[in-house]
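Novice: Per my numbering, the very first residue in the sequence shown carries number 860; after that it's consecutive. Glycine included, every Cβ here is placed at the ideal spot set by N, Cα and C. All figures in this text were calculated on a predicted structure; none of them were measured in a lab. Below is the structure I would like to discuss, written out as C-alpha coordinates.
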Amino acid sequence: MKVMVKNMVCTLSDDEGVNNDADMDRFSLSLAATNAVREKDGVKQVPIQLPDPMLYSWATPGDVTVKVGYTWQVDRSKVITFDTDPDLYDFDKATLTVNGYGREYDTSSKNEHGTGSIVLTGDQFFENGGVHKFPITSSDFIFDVYVTLTLED
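Below you can see the structure in the form of C-alpha coordinates.
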(Lines of atoms letter the chains of each structure in order from A and count residues from 1; the text may use other names and numbers.)
(Lines give C-alpha, C1' and ligand atoms only; values in the text may rest on other atoms or scores of the structure.)
Protein backbone atom coordinates (compact mmCIF):
# COMPACT_ATOMS: atom_id res chain seq x y z
CA MET A 1 0.00 0.00 0.00
CA LYS A 2 1.30 3.44 -0.90
CA VAL A 3 1.13 6.13 1.80
CA MET A 4 1.29 9.61 0.25
CA VAL A 5 1.32 13.03 1.88
CA LYS A 6 1.05 15.69 -0.79
CA ASN A 7 0.63 18.71 1.47
CA MET A 8 -0.40 20.24 4.76
CA VAL A 9 -2.69 23.27 5.03
CA CYS A 10 -2.37 25.89 7.78
CA THR A 11 -5.70 26.45 9.55
CA LEU A 12 -4.39 28.49 12.53
CA SER A 13 -1.49 30.94 12.53
CA ASP A 14 -1.46 33.13 15.62
CA ASP A 15 1.91 33.86 17.15
CA GLU A 16 2.19 36.24 20.11
CA GLY A 17 0.87 39.72 19.33
CA VAL A 18 -1.59 41.22 16.87
CA ASN A 19 -1.13 40.32 13.18
CA ASN A 20 1.82 38.09 14.00
CA ASP A 21 1.79 34.86 12.01
CA ALA A 22 3.58 31.63 12.90
CA ASP A 23 7.23 31.20 11.89
CA MET A 24 7.80 27.51 11.16
CA ASP A 25 11.27 25.97 11.35
CA ARG A 26 10.65 22.20 11.73
CA PHE A 27 8.29 19.53 10.42
CA SER A 28 8.41 15.75 10.44
CA LEU A 29 6.07 12.92 9.53
CA SER A 30 6.71 9.29 10.43
CA LEU A 31 4.93 5.98 9.88
CA ALA A 32 4.27 2.84 11.90
CA ALA A 33 2.25 -0.21 10.86
CA THR A 34 1.18 -3.59 12.18
CA ASN A 35 -0.07 -6.85 10.76
CA ALA A 36 -2.97 -8.47 12.61
CA VAL A 37 -1.96 -12.11 13.08
CA ARG A 38 -4.87 -14.47 13.67
CA GLU A 39 -4.68 -16.35 16.96
CA LYS A 40 -7.02 -18.70 18.79
CA ASP A 41 -8.44 -15.88 20.94
CA GLY A 42 -8.48 -13.08 18.34
CA VAL A 43 -5.60 -11.23 16.72
CA LYS A 44 -2.16 -10.11 17.81
CA GLN A 45 -0.72 -6.86 16.44
CA VAL A 46 2.80 -7.48 15.13
CA PRO A 47 4.86 -4.43 14.11
CA ILE A 48 5.98 -4.26 10.50
CA GLN A 49 9.69 -3.48 10.42
CA LEU A 50 9.98 -0.44 8.16
CA PRO A 51 13.50 0.20 6.81
CA ASP A 52 13.01 3.93 7.44
CA PRO A 53 9.84 5.05 9.23
CA MET A 54 10.51 8.75 8.48
CA LEU A 55 8.27 9.94 5.65
CA TYR A 56 9.26 13.62 5.79
CA SER A 57 11.79 15.66 7.74
CA TRP A 58 12.37 19.36 7.20
CA ALA A 59 14.35 21.90 9.22
CA THR A 60 15.88 25.27 8.51
CA PRO A 61 18.23 27.55 10.45
CA GLY A 62 15.78 30.36 9.59
CA ASP A 63 12.00 30.13 9.45
CA VAL A 64 9.06 30.34 7.07
CA THR A 65 6.20 32.66 8.04
CA VAL A 66 2.79 31.14 7.28
CA LYS A 67 -0.70 32.59 7.17
CA VAL A 68 -4.01 30.75 7.45
CA GLY A 69 -4.57 28.94 4.15
CA TYR A 70 -0.85 28.47 3.44
CA THR A 71 -0.23 25.16 1.67
CA TRP A 72 2.98 23.45 2.76
CA GLN A 73 4.15 21.07 0.02
CA VAL A 74 5.36 17.69 1.26
CA ASP A 75 5.13 15.41 -1.81
CA ARG A 76 6.48 12.29 -0.10
CA SER A 77 5.35 8.69 -0.22
CA LYS A 78 6.36 5.24 0.98
CA VAL A 79 5.12 1.76 0.20
CA ILE A 80 4.25 -0.53 3.10
CA THR A 81 3.65 -4.24 2.52
CA PHE A 82 0.98 -5.81 4.70
CA ASP A 83 0.51 -9.57 4.97
CA THR A 84 -2.90 -10.48 3.56
CA ASP A 85 -3.18 -14.28 3.60
CA PRO A 86 -6.72 -14.58 5.07
CA ASP A 87 -5.89 -17.86 6.83
CA LEU A 88 -3.10 -16.20 8.84
CA TYR A 89 -3.89 -12.47 8.93
CA ASP A 90 -6.93 -10.23 9.45
CA PHE A 91 -6.23 -7.30 7.11
CA ASP A 92 -9.26 -5.38 8.41
CA LYS A 93 -7.51 -5.16 11.79
CA ALA A 94 -4.03 -4.27 10.52
CA THR A 95 -3.02 -0.72 11.50
CA LEU A 96 -1.27 2.28 10.02
CA THR A 97 -0.20 5.21 12.18
CA VAL A 98 0.99 8.53 10.77
CA ASN A 99 2.64 10.82 13.33
CA GLY A 100 3.28 14.51 12.75
CA TYR A 101 5.42 17.15 14.46
CA GLY A 102 5.96 20.85 13.86
CA ARG A 103 7.85 23.61 15.61
CA GLU A 104 7.17 27.33 15.51
CA TYR A 105 10.24 29.48 16.17
CA ASP A 106 10.06 32.41 18.57
CA THR A 107 12.81 34.96 19.09
CA SER A 108 11.42 36.41 22.32
CA SER A 109 9.75 33.43 24.02
CA LYS A 110 9.77 29.64 24.04
CA ASN A 111 9.27 27.86 20.73
CA GLU A 112 5.89 26.18 20.31
CA HIS A 113 5.81 22.47 19.51
CA GLY A 114 2.84 20.78 17.88
CA THR A 115 2.01 17.12 17.40
CA GLY A 116 -0.76 15.04 15.92
CA SER A 117 -1.42 11.58 14.59
CA ILE A 118 -3.95 9.35 12.94
CA VAL A 119 -4.37 5.62 13.51
CA LEU A 120 -6.27 3.72 10.85
CA THR A 121 -7.29 0.07 10.73
CA GLY A 122 -7.32 -1.94 7.52
CA ASP A 123 -11.09 -1.63 7.16
CA GLN A 124 -10.65 2.19 7.15
CA PHE A 125 -7.67 2.46 4.77
CA PHE A 126 -9.70 3.02 1.62
CA GLU A 127 -12.72 4.85 3.05
CA ASN A 128 -13.33 8.23 1.41
CA GLY A 129 -11.30 7.12 -1.59
CA GLY A 130 -8.29 6.50 0.68
CA VAL A 131 -8.07 10.20 1.63
CA HIS A 132 -7.65 11.03 5.33
CA LYS A 133 -6.56 14.07 7.31
CA PHE A 134 -5.34 14.84 10.80
CA PRO A 135 -4.09 18.02 12.50
CA ILE A 136 -0.68 18.90 13.85
CA THR A 137 -1.70 21.24 16.66
CA SER A 138 -0.08 23.76 18.99
CA SER A 139 -1.25 26.95 20.67
CA ASP A 140 0.21 29.03 17.79
CA PHE A 141 -0.47 26.89 14.72
CA ILE A 142 -2.54 24.08 13.25
CA PHE A 143 -1.70 22.26 10.03
CA ASP A 144 -4.13 19.75 8.52
CA VAL A 145 -2.09 16.88 7.07
CA TYR A 146 -3.63 15.18 4.02
CA VAL A 147 -2.82 11.47 3.67
CA THR A 148 -3.80 9.38 0.64
CA LEU A 149 -3.64 5.57 0.68
CA THR A 150 -3.64 3.56 -2.54
CA LEU A 151 -3.06 -0.08 -3.45
CA GLU A 152 0.23 -0.92 -5.12
CA ASP A 153 0.80 -3.95 -7.32
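Can you list, in chain order, the residues of its chain whose CB lies under 6 Å from that of Ala881, leaving out five sequence neighbours each side?
Specialist: Within the same chain, Ala881 has close Cβ partners Ser872, Asp874, Val925, Glu963, Asp999, Phe1000.
Novice: Phe941: which of Asp1012, Thr930, Gly988 sits nearest, CA to CA?
Specialist: Per the Cα distances, Asp1012.
Novice: If we count the other Cβ atoms within 10 Å of its Cβ and call it buried at 16 or more, is Lys937 buried or exposed?
Specialist: Lys937 comes out buried.
Novice: Sort Asn987, Asp982, Thr980, Asn958 by Cα distance to Gly973 and report the nearest one.
Specialist: Cα-wise, what sits closest to Gly973 is Asn958.
Novice: When you compare only the Cα positions, how much space is there between Thr954 and Lys903?
Specialist: When rounded, the distance between both Cα atoms is 11 Å.
Novice: Pick out whichever of Asn894, Ile939, Val896, Asp922 has its Cα sitting closest to the Cα of Leu909.
Specialist: That would be Ile939, whose Cα lies nearest to the Cα of Leu909.
Novice: Take the Cβ of Leu1010 as the centre, count every other Cβ of all protein chains shown within 10 Å, and call the residue buried at 16 or more, exposed below.
Specialist: Exposed.
Novice: So, using beta-carbon positions, are Tyr1005 and Met867 closer together than 9 Å?
Specialist: Cβ atoms of Tyr1005 and Met867: closer than 9 Å.
Novice: According to DSSP, is Glu986 helix, strand or coil?
Specialist: Correct three-state label for Glu986: helix.
Novice: With distances taken from CA atoms, which of Ser976, Arg885, Leu979 is nearest Lys970?
Specialist: This sequence places Asn at residue 970; Lys is not what is there. Comparing Cα-Cα distances from Asn970 to each of Ser976, Arg885, Leu979, the minimum goes to Arg885.
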